[in-house]
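Colleague: The sequence shown begins at 89 in my numbering and counts up one residue at a time.
Where a beta carbon is used, it is the ideal one built from N, C-alpha and C, also for glycine.
Would you mind keeping the following structure in view while I ask a few things?
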Amino acid sequence: GDNLVVNQDRTTFTYGLAKDLKGLNSVIVGDENGVSTKITPAGTTVKDAAGNSTVIKGGGMTITPANATTSPVSLTVDGLNNGGNQIHGVAPGADDTDAVNVSQLKASNAGLQEAVNRVGTETQRVGAHA
């Protein structure tokens, strides 16, 4: 077939796999620690020794923790579901459609608080002269 290579040197036969395998339903590789990868036409599933798994398909990917109380994280054509986790390492937003990070919100709140304090001080000064 297409997947088997046979070489003959007089009476010695050597068998091997072709460099490009074709027509397979799946390929499964793994080790004794429970680490495995399964490749099918529909997608790829990778599991680590702790039982965490990642599934990659044409429409996206989903990471499912082994801990049943932790929600999966998915990035698909429908968007990002971060499973209730924080997002770390976000650069400051610059454009109107960018996300902001906490440091930007804190700076904005501090600026707003400073403006409110100035208005309060001015109001007190005007009231004292009335």
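In the DSSP assignment, find the unbroken beta strand (DSSP E) run with Thr-211 in it and report its ends.
Modeller: Thr-211 -> not in any beta strand (DSSP E); alpha helix (DSSP H) instead, spanning 190-216.
Colleague: Can you tell me where the beta strand (DSSP E) holding Gln-96 begins and where it ends?
Modeller: It spans 92-97 - the beta strand (DSSP E) in which Gln-96 sits, taken as one unbroken run.
Colleague: Below 7 Å CB to CB, which residues in the same chain sit around Gly-148 once its five sequence neighbours on both sides are set aside?
Modeller: So the list reads Ser-162, Leu-163, Thr-164, Val-165, once near-sequence residues are dropped.
Colleague: Does DSSP put Asn-140 in a helix, in a strand, or in coil?
Modeller: The answer is coil: DSSP assigns Asn-140 none of H, G, I, E or B.
Colleague: What does Gly-151 pair with, by DSSP beta-bridge criteria?
Modeller: The amino acid at residue 151 is misidentified as Gly; the sequence shows Ile. According to DSSP, Ile-151 bridges with Thr-142, Val-161.
Colleague: Rounded C-beta distance between Tyr-103 and Val-94? I'm assuming under 8 Å.
Modeller: So it is a contact: roughly 6 Å between Cβ atoms.
Colleague: Can you tell me the Cα-Cα spacing of Ser-196 and Gly-208, whole angstroms?
Modeller: Taking the straight line from one Cα to the other gives about 18 Å.
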